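Working notes, beginning with the structure itself.
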Amino acid sequence: MGTRDGAERDRVPAPAGGGLWVQLLGPVTLLVDQRPVAVGGPGARGVLALLALNANQVLAQGEIIDALWGHDPPATARTIVHGHVSSLRRTLARAQEAVPEAVPRVELRTVSPGYQLMIDEQRVDAHRARALLERSERMAPARRAGVLADAIALWRGPVLADVGEFITAPDLEELRLAIHGARIDAELELGRHSESIAEIGALVRENPHSERFTGQLVRALYHSGRRADALDAYHNFSRRLVRELGIEPGPGLRELHGRVLADDLDAGDKDDEDRARHVAPMQLPPAIPALAGRAAAFEWLDDLLARAGSNSHVVGIVSGTAGVGKSALVLSWAHRVAERFPDGVLYAGLCGFDPNHPPRDPVEVLAQLLNGLGVRSSELPETVDERAGLYRSLLAGRRVLVVLDDARTAAQVRPLLAPAAGAVTVVTSRARLDDLAVSAAARLLTLSTLRHCDAARVITELTDDRPELAELSGTLAELCGYLPLALRIVGARLAGRPPGAAHELIGALHDERTRLGALELDSTGADEAPIGVRAALDVSVAELSATEAETLCALGVFPGGAVRPHLVAALCVIDVSEARRRLRGLAAQNLLTESAPDTFVAHDLVRAYAAELARHGEDDSGCVLLTRALDYYLAVADTARRSLGTVVDGLDCRHRVPAEAVPDVDGFDRALDWFAAEWPNVLAMVRRGLAAGRVAEVWQLARLAHPYRVNRPHWDDWIALVDTGLSAAREAADQHALFWMLISRCAARLIFERLDGLLDDAERALEIAERLGERSLEVTARIHRGCALTSLGRHSEAFAAQLAALAEAESIGDETLRVQAMHNYAEAQKRAGGYSEAIEFQSRAFEMYARLGLHGDVIRGLANLAEMKLYAGDLVEAERTARDTIELAAERDFTLQEGVGRLILGRVLRSRGDLDGACTELAAALELHELVGDAHVDDLRAELKRVRAEFGAPSREPRGP
1 MGTRDGAERD RVPAPAGGGL WVQLLGPVTL LVDQRPVAVG GPGARGVLAL LALNANQVLA
61 QGEIIDALWG HDPPATARTI VHGHVSSLRR TLARAQEAVP EAVPRVELRT VSPGYQLMID
121 EQRVDAHRAR ALLERSERMA PARRAGVLAD AIALWRGPVL ADVGEFITAP DLEELRLAIH
181 GARIDAELEL GRHSESIAEI GALVRENPHS ERFTGQLVRA LYHSGRRADA LDAYHNFSRR
241 LVRELGIEPG PGLRELHGRV LADDLDAGDK DDEDRARHVA PMQLPPAIPA LAGRAAAFEW
301 LDDLLARAGS NSHVVGIVSG TAGVGKSALV LSWAHRVAER FPDGVLYAGL CGFDPNHPPR
361 DPVEVLAQLL NGLGVRSSEL PETVDERAGL YRSLLAGRRV LVVLDDARTA AQVRPLLAPA
421 AGAVTVVTSR ARLDDLAVSA AARLLTLSTL RHCDAARVIT ELTDDRPELA ELSGTLAELC
481 GYLPLALRIV GARLAGRPPG AAHELIGALH DERTRLGALE LDSTGADEAP IGVRAALDVS
541 VAELSATEAE TLCALGVFPG GAVRPHLVAA LCVIDVSEAR RRLRGLAAQN LLTESAPDTF
601 VAHDLVRAYA AELARHGEDD SGCVLLTRAL DYYLAVADTA RRSLGTVVDG LDCRHRVPAE
661 AVPDVDGFDR ALDWFAAEWP NVLAMVRRGL AAGRVAEVWQ LARLAHPYRV NRPHWDDWIA
721 LVDTGLSAAR EAADQHALFW MLISRCAARL IFERLDGLLD DAERALEIAE RLGERSLEVT
781 ARIHRGCALT SLGRHSEAFA AQLAALAEAE SIGDETLRVQ AMHNYAEAQK RAGGYSEAIE
841 FQSRAFEMYA RLGLHGDVIR GLANLAEMKL YAGDLVEAER TARDTIELAA ERDFTLQEGV
901 GRLILGRVLR SRGDLDGACT ELAAALELHE LVGDAHVDDL RAELKRVRAE FGAPSREPRG
961 P
């Protein structure tokens with residue numbers, strides 16, 4: 001069975017063979033390039049199965065726990081689930097390292113209240129099977145039979161065969177039977193009756209109460225000349241239903257039985273060969289060469305065809321910024337699928353954003369389309385409504401493709417839509433044309449720039465694969481922002497030129513002031529605008545309102561990346577709702593992309609264009625806008641950090657902007673989220689501020705952002721911030737500034753144990769504090785000096801320093817400094833082997849952290865206690881505390897702290913002889929430490945190697961770390 005009579009080109013396209021696939025229709029399997037990848041035990045496979053079954057949806061952690069353990073989950077269920085998710089996330093990341101960038105990525109996200117697997121659903125066999133069934137409904141019988149045979153072939157055995165007793169998916173069994181039934185229907189329509197009998201008989205035995213399969217068996221037997229067997233099949237089924245269920249067959253099956261008795265069952269409807277034929281217009285201009293890396297976009301367009309059924313039409317909008325390749329994509333696709341539209345393909349260029357022509361009036365475009373449909377110009381109605389009515393009448397009942405290229409507005413497009421059932425209209429535009437989503441149920445694809453490898457390939461192809469240019473193509477592609485128009489201009493400028501021209505062009509592209517000029521070609525006509533990115537964007541910007549243009553100019557001064565309404569409100573001195581409206585207006589013209597709710601990003605070349613606009617504005621506008629941006633970040637960072645811990649530096653910048661301009665950053669988690677989202681902008685602001693000589697604001701912002709990195713340490717990011725702040729402090733010649741930036745650098749070096757210069761920084765800070773005569777500063781410096789001594793192994797000096805700091809903190813009544821000294825004295829004792837005293841002081845510090853609401857310190861204190869209990873030989877408490885650390889750290893995305901917790905847990909498990917578990921935890925710890933740039937990853941790697949060498953050895957007595 002499963003004969004392929006349909007044309008191969010008509011088969012529902014599968015995703016490209018590379019990349020990740022998830023198989024659920026059998027044992028749960030993760031494939032990369034068709035090769036299985038180890039996922040883990042039944043628990044990890046079960047979590048993968050649940051997330052894949054709910055692809056792209058947020059699955060609550062409680063639902064996962066219920067699915068894995070039913071109503072009796074273990075006490076550590078949440079920790080176990082998080083461990084499975086972390087392991088899956090690492091597996092996915094490693095598996096995709098060798099996958100080409102053009103292949104869509106699979107991402108496992110943490111999204112409250114659970115997790116979300118972002119994956120193309122066509123890469124999950126269960127979803128693909130369902131999609132094939134749905135799409136087959138609109139296909140001719142031969143093609144339908146082949147497609148459904150492909151769907152059935154996705155089953156490799158019992159579904160979810162190896163994930164435990166609680167995870168079930170009964171709908172997948174129903175799906176399998178539905179696909180079998182639909183394929184047999186297609187086979188019978190094709191007249192393959194006798195060939196189908198054996199297969200249908202097996203399905204009837206497997207599903208003895210199925211009226212569908214019984215009816216198919218009756219039909220197949222009857223049309224095979226076995227009328228008596230057909231009647232027997234019905235009677236056997238009827239008796240079985242009465243005997244086992246006490247019911248009679250349904251009316252449909254009874255009617256079929258009556259027709260068999262009367263011997264008047266027809267073989268089926270005729271093929272569609274008698275369908276009326278039309279003369280089919282073919283108006284497409286020549287195809288523009290397709291760009292690499294557009295497989296996902298072609299699949300989206302292909303999906304429009306599948307959605308255009310016998311009772312519906314489909315409208316698709318391909319939108320994107322100037323030069324992203326919308327027309328090239330759609331025209332290439334239209335040529336590829338034109339033969340699927342027996343009634344023709346219509347095309348109209350609408351000149352919506354053409355710098356050399358005004359937008360075309362719909363009445364003019366309708367004349368062109370009606371001419372293509374055979375209407376003479378002398379017969380055309382006068383008004384747009386009359387022409388649109390005639391257009392719709394002529395398209396009624398015709399399966400056509402209409403391509404409307406470069407639309408300006410929804411109003412320009414609306415009269416040109418093809419409403420006929422089975423018709424497809426594809427519109428390209430720089431604007432999103434959201435109105436069409438409401439009025440015409442249009443589907444929207446926002447076309448993005450190319451991936452790095454695909455963009456580089458465009459340049460090498462346009463320059464005839466010259467080896468000397470191939471080496472530079474990646475750099476050139478990056479400087480073009482991976483924008484197809486820019487890539488083609490670069491290719492044209494370098495074609496046939498000597499090698500030195502590429503280096504000259506790279507120099508021009510590196511300079512923001514000459515970048516857009518380098519991406520320009522002379523026009524071919526005297527009255528035509530130049531060909532280039534600037535000219536393309538000029539047309540888009542001309543469509544903006546005055547306030548939107550002002551906002552784009554303001555963004556040209558801002559040095560960061562993603563922008564949000566509160567920042568724009570501060571920059572433009574407007575309220576937040578107006579800022580949001582302006583940003584969405586810019587996004588509607590594809591000058592910005594709303595990458596997440598209320599988060600807007602400009603393409604690199606749009607940013608360069610905006611910067612050019614800003615330079616041509618008022619002379620002092622740049623300084624004013626930079627001041628507003630600095631004030632905004634100082635105010636919000638200061639507000640946010642107060643939810644992360646106690647303020648000890650005396651800075652207060654909250655007054656710099658009105659309270660209504662500050663987003664809601666109250667609470668520990670909101671503050672963390674704000675810093676995480678804004679961190680690239682904070683770094684960009686301190687760098688721009690330092691270059692502009694705004695040294696006071698720079699060191700203050702660096703200090704205000706410091707608590708975030710204390711909670712979520714990352715070496716490269718943290719030290720970049722601190723070094724910039726330290727440079728500003730030196731330029732400011734401000735002793736308080738220098739003190740706090742030295743303390744910040746001490747903290748970063750202590751957490752990552754980067755010992756070079758550590759003690760020098762602490763002692764310099766102490767000297768400054770003593771000169772200033774401020775006791776709280778002296779205590780702070782003494783604590784950091786004591787920590788440096790601990791790290792250097794000078795334990796007795798460290799004890800003295802921390803105890804002295806503790807006594808002085810108590811004398812001045814500063815609880816924050818007191819708990820810091822207590823914690824760090826415990827750390828010194830731990831390193832010196834005084835575990836009992838270390839546990840006593842760390843426990844007291846832990847209680848104070850909890851009382852003071854210092855959530856980050858609570859997690860660090862837990863990790864420290866776990867390590868102390870491990871060294872003291874209390875493995876039970878060490879394991880419990882380590883698991884608590886892991887759970888709390890993972891919830892807050894504290895990567896280093898989770899890594900420390902897993903390292904301790906791995907050592908505990910090793911000490912207890914669980915080498916398998918130890919390897920798992922140590923491998924996770926190594927990966928987490930690598931992510932944050934920890935200096936000791938080589939030591940961790942060596943430790944993991946030693947434990948792996950022991951794996952499989954006979955059990956040993958528990959031992960110390």
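First residue of the sequence shown? That's 1 in the numbering used here, and the numbers climb one at a time after it.
Glycine residues also receive a C-beta, built at the ideal position from the N, C-alpha and C atoms.
From a predicted model like this one, the values you see are computed outputs, not experimental measurements.
- Of the candidates V624, A801 and L301, the residue whose Cα lies closest to the Cα of V314 is L301.
- Annotated three-state conformation of S836 is helix, per DSSP.
- Beta-bridge partners assigned by DSSP to F600: V563 and E594.
- In the three-state reduction of the DSSP assignment, S332 falls in the helix class, which pools H, G and I.
- In the DSSP assignment, W718 falls within the alpha helix (DSSP H) that extends over W715 to A732.
- Every unbroken stretch of the beta strand (DSSP E) spanning 3 or more residues and falling wholly within the segment 335 to 373 is given here in chain order: 345 to 349.
- Looking at the DSSP output, V402 sits in a beta bridge with L346 and T425.
- L483 carries a coil assignment under DSSP once its states are collapsed to helix, strand and coil.
- Excluding five sequence positions before and after L759, the CB atoms of its chain that fall closer than 6 Å to its own CB belong to A788, given in chain order.
- Distance from the CA of G556 to the CA of A549, rounded to the nearest whole angstrom, comes to 11 Å.
- Under the three-state reduction of DSSP output, T639 falls in the helix class.
- A straight line joining the alpha-carbon of T593 with that of H603 spans about 8 Å.
- No beta strand (DSSP E) of 3 residues or more sits fully in the segment 173 to 228.
- In terms of CA proximity to I80, G917 leads the group G917, R948 and A949.
- A60 has G114 as its beta-bridge partners, per DSSP.
- As DSSP reads the structure, S448 sits in no beta bridge.
- Here the C-alpha atom of D716 lies approximately 10 Å from the C-alpha atom of A748.
- CA-CA distance, Y632 to R656, rounds to 7 Å.
- Taking 8 Å as the upper bound for CB-CB distance, A129 and L160 are not in contact here, some 14 Å apart.
- Taking 8 Å as the cut-off, the beta carbon of A866 is found no closer than this to the beta carbon of T895.
- By the neighbour-count criterion, in which a residue is buried when 16 or more other Cβ atoms sit within 10 angstroms of its Cβ, C553 is buried.
- By a beta-carbon distance limit of 8 Å, M848 does not contact E827. Their separation comes to about 15 Å.
- Pairing G873 with V28, the inter-Cα distance amounts to about 40 Å.
- Residue pairing by DSSP puts L30 in a beta bridge opposite V22 and V37.
- Closest in alpha carbon position to H823, among S811, I783, A228 and L644, is I783.
- The criterion of a C-beta distance shorter than 8 Å is satisfied by V662 and V636.
- Here A60 is exposed: its Cβ has fewer than 16 other Cβ atoms, across all protein chains shown, within 10 Å.
- Note: L521 is bridge-paired with I531 in the DSSP secondary-structure output.
- In the structure shown, the three-state DSSP call for E248 is coil.
- Just measuring C-alpha positions, the residue of Q34, G246, G422 and E199 sitting nearest H209 is G246.
- Per DSSP, the beta bridge partners of S319 are S429 and T446.
- Less than 8 Å divides the Cβ of A308 from the Cβ of A423.
- Look at the beta carbons and you see the segment 380 to 391 not touching the segment 427 to 447: under three pairs across the two are nearer than 8 Å.
- In the three-state DSSP reduction, V314 falls in the strand class (E or B).
- When beta bridges are read from the DSSP output, M741 appears opposite no residue.
- In this structure, L88 is the residue among N207, L88 and L53 with its C-alpha nearest to the C-alpha of V39.
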